[in-house]
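What follows is a set of notes on a single structure, which appears directly below.
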Amino acid sequence: MSKRAAIDDDDDQRPAKRRATDGAYTRTKHPSITSARSVYCYERLNQIEEGSYGVVFRARDKQTGDIVALKKLKLDEEKNGFPITALREVNALMACRHDNVVGIREVVVGDTLTQVFVVMDFIEHDLKSLLTMMPSPFLQSEIKTLMLQLLSAVGHCHSRWILHRDLKTSNLLMNNRGTIKVADFGLARRYGDPVGVGGLTQLVVTLWYRAPEILLGASTYSTAVDMWSVGCIFAELVLKEPLFQAKGEMELLSMIFKLLGPPTSNSWPEYDSLPLAKTLSLPSPQPPQFRQKFPYLSAAGIDLMMSLLTYDPERRITAEEALQHSYFTESPLPKHPDLFGSFPSVAAGEKRRKPYSPSAPARAADYKLLHEFDILE
């Protein structure tokens with residue numbers, strides 16, 4: 002089966018997974034937490050962030066003194082006493098161990114098994130915060146280094162049949178040695194499994210990074226949705242601001258049509274078959290505006306950008322293909338990560354001179370804030 006194989010979003014009810022070799026079924030393996038350490042083994046230092054899938058704290062291991070990131074998972078949906086979102090994130094992180102994927106150290110629990118915490122490596126920055134505090138954009142040599150690491154991580158996840166479904170700059174962590182790590186696998190899931198029925202949810206991927214096929218109600222999607230998000234991240238690194246800062250899905254589609262030109266039967270043969278396509282009035286044909294939007298990007302860089310931000314998911318470049326793109330071998334060459342400058346870490350509680358935060362991207366679904374994290378007090 003192709004790695005572009007569609008996935009369905011109803012497999013949470015599936016009791017087993019089929020073996021491709023003999024047609025038999027085996028139980029899906031989930032991490033055991035019955036013998037997990039207690040969260041009291043960690044001392045909370047400060048809150049790093051709060052999002053749709055949990056609260057993240059910087060904490061210290063009382064036994065080793067190691068500084069870690071401690072994520073309390075949002076437990077709004079449970080299966081056999083353990084939350085589905087937690088299973089997805091923990092399983093995805095364990096399946097995708099890679100130098101550019103945030104490392105999971107262990108799972109710890111609170112006073113009950115519904116108080117679940119994931120202990121991960123602490124990384125000083127996220128790219129979104131870093132971009133807002135930088136006086137100027139990353140150099141092209143630095144962008145190439147960051148993109149190579151991102152593509153390597155995404156390609157590794159896809160090779161393990163894991164779809165991230167929420168790639169964005171705030172989910173890309175970076176240390177002071179120029180190494181980035183993909184984080185927040187709360188929406189991640191396996192794909193291409195032949196077992197299971199049902200349709201896909203469109204409530205995935207933060208709005209500004211959401212692929213057009215999802216916006217138009219596609220009932221199936223593939224690794225290509227992650228690659229569209231990678232294209233949006235590439236553009237954000239170049240521009241030092243998000244590419245599509247839309248307030249809603251219709252405005253986002255309008256922005257996409259303006260940059261790429263409206264879709265045609267040639268650029269996207271399956272467009273007319275999408276559920277919401279017939280509800281839209283396409284603008285008059287116009288050429289893509291990539292050169293105007295990215296005047297300082299090389300021809301090879303423009304080509305890579307257009308290959309990532311391609312309407313047709315079947316034609317959108319894969320991570321493996323993108324890693325071989327000529328953009329990464331032309332001058333200037335990628336900078337060695339050790340040569341990156343360091344920045345104050347907001348996550349570590351260090352102050353920066355002019356703190357500010359742009360409007361956050363809208364999440365796919367409303368989120369009720371967690372306020373019950375009191376067991377570390």
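Using our numbering, you'd call the opening residue of the sequence shown number 2 and step up by one each time. The C-beta atom is built at its ideal place from N, Cα and C for all residues, glycine as well.
- The Cβ-Cβ distance between ALA189 and LEU164 falls below 8 Å.
- In this structure VAL119 is in contact with LYS72, their Cβ atoms being roughly 5 Å apart against a cut-off of 8 Å.
- Between the segment 168-180 and the segment 120-132, the count of Cβ pairs shorter than 8 Å is three or higher; the stretches touch.
- For the pair of segments examined, the segment 233-253 was found to touch the segment 155-171: the number of CB pairs separated by less than 8 Å reaches three.
- In chain order, VAL57, MET121 and PHE123 place their CB closer than 6 Å to the CB of ALA70, counting only its own chain and leaving out the 5 sequence neighbours on each side.
- Boundaries of the beta strand (DSSP E) around GLY55: 55-62.
- Check the Cα spacing between ILE105 and each of THR115, VAL183 and MET148: the tightest is with VAL183.
- Cβ neighbours of PHE341 within its own chain (closer than 6 Å, five residues either side excluded): GLY179.
- Of all alpha-carbon atoms in ALA301, THR319 and TYR297, the one lying nearest the alpha-carbon of LEU140 is that of TYR297.
- The C-beta distance from LYS145 to PHE295 rounds to 15 Å, too long to meet the 8 Å contact threshold.
- Taking C-beta separations shorter than 6 Å and ignoring five residues to either side along the sequence, the partners of HIS326 in its chain run LEU305, following chain order.
- In the displayed model, ASP167 falls within coil according to three-state DSSP, outside both helix and strand.
- In the DSSP assignment, ILE68 falls within the beta strand (DSSP E) that extends over 68-74.
- Nearest Cα to ARG38 within the set HIS337, ARG317 and VAL109: VAL109.
- ASP339 is classed as exposed because its beta carbon has fewer than 16 other beta carbons within 10 Å across all chains shown.
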